[in-house]
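Each remark here refers to the structure printed beneath this line.
4 protein chains.
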Amino acid sequence: MMKGFAAGLWVFAESAEKFGSYVGTNPVRKQIEMAASVPGLKGVELISPLHIDLKNARDVKGWLDDAGLEPVSVNPYVWTEPTWKYGAFTSPDPTVRQQAIDRGKEAVEIGHIIGARRMCLWPGEDGWDYHFQADYRRLWELEAEGVRQIALHDPETRIGVEYKLHEPRTHMLISNAAKAALLGEELGLPNVGGYLDFGHALMAREVAAESVVVLARRNRLMGVHVNDNYGLGDDDIVVGSVHFWEMVEFLLTLDEVGYDGWLTLDLVPKREEVVAACAHSIHALQVYLGLIKHLDRAALRAAQADMDALKVQRLIHDMLGQGVPA
Amino acid sequence: MMKGFAAGLWVFAESAEKFGSYVGTNPVRKQIEMAASVPGLKGVELISPLHIDLKNARDVKGWLDDAGLEPVSVNPYVWTEPTWKYGAFTSPDPTVRQQAIDRGKEAVEIGHIIGARRMCLWPGEDGWDYHFQADYRRLWELEAEGVRQIALHDPETRIGVEYKLHEPRTHMLISNAAKAALLGEELGLPNVGGYLDFGHALMAREVAAESVVVLARRNRLMGVHVNDNYGLGDDDIVVGSVHFWEMVEFLLTLDEVGYDGWLTLDLVPKREEVVAACAHSIHALQVYLGLIKHLDRAALRAAQADMDALKVQRLIHDMLGQGVPA
Amino acid sequence: MMKGFAAGLWVFAESAEKFGSYVGTNPVRKQIEMAASVPGLKGVELISPLHIDLKNARDVKGWLDDAGLEPVSVNPYVWTEPTWKYGAFTSPDPTVRQQAIDRGKEAVEIGHIIGARRMCLWPGEDGWDYHFQADYRRLWELEAEGVRQIALHDPETRIGVEYKLHEPRTHMLISNAAKAALLGEELGLPNVGGYLDFGHALMAREVAAESVVVLARRNRLMGVHVNDNYGLGDDDIVVGSVHFWEMVEFLLTLDEVGYDGWLTLDLVPKREEVVAACAHSIHALQVYLGLIKHLDRAALRAAQADMDALKVQRLIHDMLGQGVPA
Amino acid sequence: MMKGFAAGLWVFAESAEKFGSYVGTNPVRKQIEMAASVPGLKGVELISPLHIDLKNARDVKGWLDDAGLEPVSVNPYVWTEPTWKYGAFTSPDPTVRQQAIDRGKEAVEIGHIIGARRMCLWPGEDGWDYHFQADYRRLWELEAEGVRQIALHDPETRIGVEYKLHEPRTHMLISNAAKAALLGEELGLPNVGGYLDFGHALMAREVAAESVVVLARRNRLMGVHVNDNYGLGDDDIVVGSVHFWEMVEFLLTLDEVGYDGWLTLDLVPKREEVVAACAHSIHALQVYLGLIKHLDRAALRAAQADMDALKVQRLIHDMLGQGVPA
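One line per chain: the protein sequences are A, B, C and D, in this order. Residue 79 in the numbering used here is what sits at position 79 of the first sequence, and the numbering runs on without skipping anything. Just add 1000 to wherever you are in the second sequence, counting from 1, and you've got the numbering used here. Just add 2000 to wherever you are in the third sequence, counting from 1, and you've got the numbering used here. Just add 3000 to wherever you are in the fourth sequence, counting from 1, and you've got the numbering used here.
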């Protein structure tokens, strides 16, 4: 049973007028208010220390309580800042690597304070831009070591590495679902796995529903981000606007594997108002979940058992026309 | 007003058991019977001389009449045969080029006999496989000359070049909608344009609805093939199975530009029964056309006038739940 | 005979430390100095009014003269600013459309003052982000009208529309080489064509050398940008770092069609020093031009006449080992 | 130290005139003769029972000895035949699954007879064609079980699952390098890993050199296929014709990780003569290996340690001009 709809708090960091005229970052409290104003939104992912740190953790938790929002995860900030120019856990500089690990451990601690035991770990700068530029063996060893140290810091905190094919590097090391799962298997740690961003699965030429299984079958699906894109870059546009069947199959499969986490919106609306974009995305998700209620699952399982593609196609088209909430 | 649903007769050429054990090509009359057995199918595209030639044209027309099928187009066969190994209209061999042109003119003549004034011209072997292998200037001149001669042979026959990014060559010369339109503009001939295969648009990273406009706005949309794929190769799988919104937008746009031709199924079911695959595809198209009937077009136009993405998304989601025929 | 190596002056707008800590834009004069410091760089493309306007045009020209740089083109700024949020020439707002046209005409005027008769016109905001969001017919009519008015303003100024598949919109209207050529054909204006960015060709799944021909065969190749990427987004990384054969074939083909313009670097180094990235890119171009000198062109033409792929492959591999300047 | 150049014996199965006119399969002995005629080719991969079975194994080994060819691997045939229509190890039919496992075990036995202890296992039909068609959990369990049984049959035989994104299914289950590695980790069997086909890495949007590391760092790189394509489908064209830097980096990395297996050509020349296509591919590989000899590896390692992209680019360009064998 899924917990409900959430959003990355960072979605609300930038104001609606940002196109072409950056007007600065909204204060955290304002971001929380905006999140709370989205109908149906019940949780937020936080970035530490951007949104929350050891000092202000109780204050932020209070603001969340006031707003009726649950903390979903605390995610350490290991990208964009000059420090991470050539990587975080895989930086050539051991001091930088230690800083990244410290950020991760601190996020765990903050999670303890506010009651969040999940982490979306996005080593977005760990990768390379050019052929021949990286010693891939070294990158892998360093990445595994960094994740290991954070994971060992608290075996109760479930760490999902948010894989992504590219951006901001032209190549990110942990680029697909199987690499995230592999990291967990290799480390032999049950609290290491993947954080599955629907759009990132598309970039990696995955079928997102199958990526759910790649991670969930070994209990390594730590969290989910939803959004959409066109398969080339991380557009982070509103849910369901491009990949209709893929999203319906994704939601169905999350249910089938018993995913009990959140559906977190990770949107970057460039020309749309942020709160409205989130509200529409939740509406779209509700439409799809409504469609799924009308799916004849027994018939689907029977058709899958025979791999009967045409019967399956008929069943999913029969869903249409039945699922929109009044 | 679209004419209705058709199919390439070639879709029925191979028997259902073909996977892994090629059992030969069905006879033409059998192919026609199979086509006629698909509920809702009213027309077929023919390949000359595979399905029809100058000698048997009246016989084939009789079979079509008996089966209640209209001839949509006569398409000259200029691929796969050893003759076309290095191209048809762009072959290094002038004799081969002349043969291709003759095939085209003959298709026009056959069309006259059976009452079809459209041609889907697929120069599938005109392209290259390797960098540096082709003199692109020469390919363009030869392609334009070949198409020109066929088009001049009968200005009443509308010739649509079926563009495609690749397969069987790794690169086909006329690879996207704008190239087909450009050919027509350059030749200054109103009866030269593009034949838009939905799956080929995906391969060229086009939005198929926009490709409709690229061709239709200069009256160069000569015909339409429908199917689906995953954007990498020409899977020719059943309609609507992958690209839901793209197909709905495609059908809507065909209606908006006043397309008055056929929707021709071009499927290659590898593991599914052919007639059933066609029947399901027509069912899916009917579902989508049903959805479109429930679209508030005035509201859509107003939202488009403002480029209001969220209003547009809401409108298209409101279609769902209303469109399935009883 | 190519004119030589140039760069977009915007390449030098941002300082080398920009990763993660935006430190503002370099002053124009500083940008010119940086450009001049790149060994082998002889020309620059300018953006109006960012780099140059009617008032300071003579000053800027003086700075260029002092630096030993030729002005390659004046390119009107019709993106990023809030005005262009929903498009420039295709904006829903007629006032905005007029502003875009005025910017274009002004760029022509500035070009007259400083002696540049080429324009790289990048309507980067003219497109859409979502399915159903745009009336594609309207976009096409407006785009054609905008380009027409600028082109008619001065038939001597050659206007190349810089096509691009996506970014900043998820879809840009003029997305491939054939669309740019089509625009010129449709308008019937000899001074309208395409500006070919090597990386943009890759994004459109084009073979860049063939795109040269698509534009040049009708005398519509107005200019060239060089850089590299991985085929998904516009990475603008250093020349030759990914697509080796494609770049060599591109340079060869430019020579074959008699391209007499500049090779303009359009790089956005995120983690590398800008001047060094440009210097290396010119070095790489020189290496490739050196290789081409050792290509047996007569043999290549003979092999192309037969489409003999293996002979062609052998010839291009024979180039290696001979082309590096001492 | 790599063993040398090999080829899949299947490369020689079809005659050179096959384009457009299938003339049947060459006899095995003829295929072996053709392979032996390729300059520099020293080994072949065999498919059982297509090329070799328990009965004729000693005969085939004799033919190989006569021809001076080493057996590289015995690969069980679990695709294309009607039996495998809906999968081999993941077939809905338990009898079919057992047949696939038996084929695998038999290949191991044949390997023992002829002295090959590697297997390229390509479960090409294990996947799906349509969204919702497959129960991905079931596919994974069945695939793992099938591989497990073959691997346990003889722990000395190293089994590399040849991953591939698509073809013949629109989606193959084991689609990327990390999935193959994951399978080995999950099973906890040291003799299970991946067979890395260079072109398949491209299809999965991998950097092939990094895929080498993904597999080799846990000692799971069982074998290597070389060829080239354009990143969309499995063109299997001649080596080095498209991805120059990627191939050079791939060869360099194989050397760096101490790969001690073969480089096996897996080509499907559609319009080129097979033996000549193989000969050219080996020539190209020799050119690249020659270039690598001139690479300043110490300088490369130093530049990698700093992630200095421009220094790295300079170093690899310095290789050019030095590597072509006389």
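Even for Gly, the Cβ is constructed at its ideal location relative to N, Cα and C. Everything numeric in this text was worked out from a predicted model, so none of it was measured.
CB of residue i within 9 Å of CB of residue j, strictly
| i | j | result |
| --- | --- | --- |
| B/E1070 | B/V1274 | no |
| A/W63 | A/R29 | yes |
| D/S3175 | D/G3127 | yes |
| D/G3199 | D/N3229 | yes |
| D/E3246 | A/H131 | yes |
| A/L250 | A/A209 | With the sequence shown as reference, residue 250 of chain A is identified as Phe, and Leu is not the correct amino acid for it. Cβ atoms of A/F250 and A/A209: closer than 9 Å. |
| A/G8 | A/V44 | yes |
| C/L2182 | B/A1181 | yes |
| D/D3260 | D/I3292 | no |
| B/A1035 | B/V1011 | yes |
| D/R3205 | A/L173 | no |
| D/G3233 | D/E3167 | yes |
| A/D336 | D/Q3304 | In the structure as shown, chain A begins at 1 and stops at 326. Residue 336 of chain A is therefore absent and cannot be evaluated. |
| D/L3196 | D/H3225 | yes |
| B/I1032 | B/A1067 | yes |
| B/V1248 | B/M1203 | no |
| D/S3241 | C/A2309 | yes |
| B/I1101 | B/I1052 | no |
| D/N3075 | D/L3041 | no |
Residue i classed as buried or exposed, judged by whether at least 16 other C-beta atoms fall within 10 angstroms
| i | result |
| --- | --- |
| A/D65 | exposed |
| D/T3253 | buried |
| D/M3001 | exposed |
| D/S3048 | buried |
| B/S1037 | exposed |
| A/K55 | exposed |
| D/E3156 | exposed |
| C/N2219 | exposed |
| D/E3141 | exposed |
| D/G3115 | exposed |
| B/R1297 | exposed |
| D/T3095 | exposed |
| A/R301 | exposed |
Proximal residues of chain B, C-beta to C-beta of residue i below 9 Å
| i | result |
| --- | --- |
| C/I2316 | H1131 and F1132 |
Proximal residues of chain D, C-beta to C-beta of residue i below 8 Å
| i | result |
| --- | --- |
| B/H1166 | Y3230, L3232 and G3233 |
| C/F2244 | F3244 and W3245 |
| C/V2238 | A3309, L3310 and Q3313 |
Under the three-state DSSP convention, the category residue i falls into
| i | result |
| --- | --- |
| A/W122 | coil |
| A/L285 | helix |
| D/E3081 | coil |
| D/S3175 | coil |
| D/H3243 | coil |
| A/S21 | With a pLDDT of 46 at A/S21, under the threshold of 50, the modelled position of that residue is not reliable, and no figure is offered here. |
| C/Q2313 | helix |
Within chain C, the residues that residue i reaches when beta carbons sit closer than 9 Å
| i | result |
| --- | --- |
| A/L259 | The sequence shown places Tyr at residue 259 of chain A, rather than the Leu named in the question. Here the premise fails: no neighbours, minimum Cβ distance about 28 Å. |
Residues that residue i contacts on chain C, provided the C-beta gap is smaller than 8 Å
| i | result |
| --- | --- |
| D/S3048 | Those do not exist, as D/S3048 stays about 31 Å from chain C at its closest Cβ, beyond 8 Å. |
Within chain D, the residues that residue i reaches when beta carbons sit closer than 7 Å
| i | result |
| --- | --- |
| C/S2241 | Q3313 |
Contacts that residue i makes with chain B (C-beta to C-beta distance below 7 Å)
| i | result |
| --- | --- |
| C/H2171 | V1207 |
Contacts that residue i makes with chain D (C-beta to C-beta distance below 9 Å)
| i | result |
| --- | --- |
| A/R218 | L3182 and E3186 |
**Q.** Within 8 Å of chain A by C-beta, residues of the stretch 3266-3299 of chain D in sequence order
**A.** none
Q. Residues in the stretch 3178-3197 of chain D with C-beta within 8 Å of chain A's C-beta atoms, listed in sequence order?
A. Against chain A - using a Cβ distance shorter than 8 Å - the residues of the stretch 3178-3197 of chain D are A3178, K3179, A3181, L3182, E3185 and E3186.
Q. Looking at chain B, which residues of the stretch 3065-3095 of chain D have a Cβ within less than 8 Å of any of its Cβ atoms?
A. T3080, E3081, P3082, T3083, W3084, K3085 and Y3086
**Q.** Contact set between the stretch 3115-3147 of chain D and chain A, restricted to residues whose Cβ is under 9 Å from the partner
**A.** Taking 9 Å as the upper bound on Cβ-Cβ separation, chain A lies near residues W3128, D3129, Y3130, H3131, F3132, Q3133, A3134, D3135, Y3136, R3137, R3138, L3139, W3140 and E3141 of the stretch 3115-3147 of chain D.
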